[in-house]
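Step one of this worksheet: look at the structure below.
Residue numbers (full-length UniProt numbering): 1 to 202.
What follows is the structure, given as structure tokens:
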């Protein structure tokens with residue numbers, strides 16, 4: 001027959017022990033249910049302590065719950081630290097990706113050269129018409145009557161300018177999101193340090 005080891009017996013005994021506070025020195029005394037209604041000596045002050053009856057004894061906190069209090073606080077602090085680390089990693093990855101996108105979009109925006117603007121286009125047409133003679137103006141007017149007034153599509157410089165504006169907008173949005181994610185990473189680190197300081201002082 002296999003005998004249980006001491007490691008298997010001690011947990012069972014600790015779960016059946018209750019923590020009784022000594023009325024003389026306030027020391028926590030582990031008491032077994034078999035000691036209910038008896039007297040026992042406090043291991044700290046060596047004075048007699050009356051153990052309550054079994055019903056009252058079971059209302060006292062168990063020894064394992066008292067001993068595990070610090071461990072639970074440590075586990076809670078570790079859980080907070082792990083969650084803060086996860087938030088920091090996520091925010092850092094988002095910030096890095098957004099800043100890379102912002103840089104690429106900014107380079108693309110810078111490389112696109114704006115050919116002209118609407119004001120420059122109108123000024124150029126006005127200059128050309130002012131230099132044209134009467135025959136050229138009449139021919140231009142006749143062509144305008146023959147052709148449809150509606151333009152089939154935007155001018156080339158309009159398309160180029162719109163593309164440049166889109167790249168600039170994308171760069172700005174990516175930079176804003178990346179900055180917010182960077183701030184979130186800093187906040188998570190600060191909160192993790194505050195929690196660690198509180199756990200050390202408590």
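Don't be surprised by glycine CBs; every beta carbon is placed ideally from N, CA and C. Please read all numbers here as calculations on a predicted model, not as lab measurements.
Under the 8 Å Cβ criterion, the stretch 175-188 counts as touching the stretch 81-90, having at least three qualifying pairs. Between residue 35 and the set 20, 45 and 24, the nearest pair of CA atoms involves 20.
Buried is the label assigned to residue 192, since at least 16 other Cβ atoms lie within 10 Å of its Cβ.
Per DSSP, reduced to three states, the secondary structure at residue 173 is helical. The three-state reading of DSSP puts residue 28 in strand, counting E and B together. Under the criterion of beta carbons closer than 8 Å, residue 174 and residue 102 qualify as touching, at roughly 4 Å. In this structure residue 30 touches residue 63 by the C-beta definition: roughly 5 Å separates them, less than 8 Å.
When C-beta atoms of the stretch 91-109 are compared with those of the stretch 153-169, three or more pairs fall below 8 Å, so the two segments count as touching. Cβ-Cβ distances below 7 Å link residue 22 to 29, 42, 44, 45 and 49 in the same chain, with the five nearest sequence neighbours on each side left out; the list follows chain order. Here residue 141 is exposed: its Cβ has fewer than 16 other Cβ atoms, across all protein chains shown, within 10 Å.
Taken through DSSP and simplified to helix, strand or coil, residue 60 comes out as coil. In this structure, residue 161 keeps its C-beta atom at 9 Å or more from the C-beta atom of residue 96. Going by beta carbons, residue 155 and residue 114 fall outside the 9 Å limit. Beta bridge pairing from DSSP links residue 39 with 50. Buried is the label assigned to residue 171, since at least 16 other Cβ atoms lie within 10 Å of its Cβ.
The C-beta separation of residue 98 from residue 177 comes to about 5 Å, placing the pair in contact by the 8 Å criterion.
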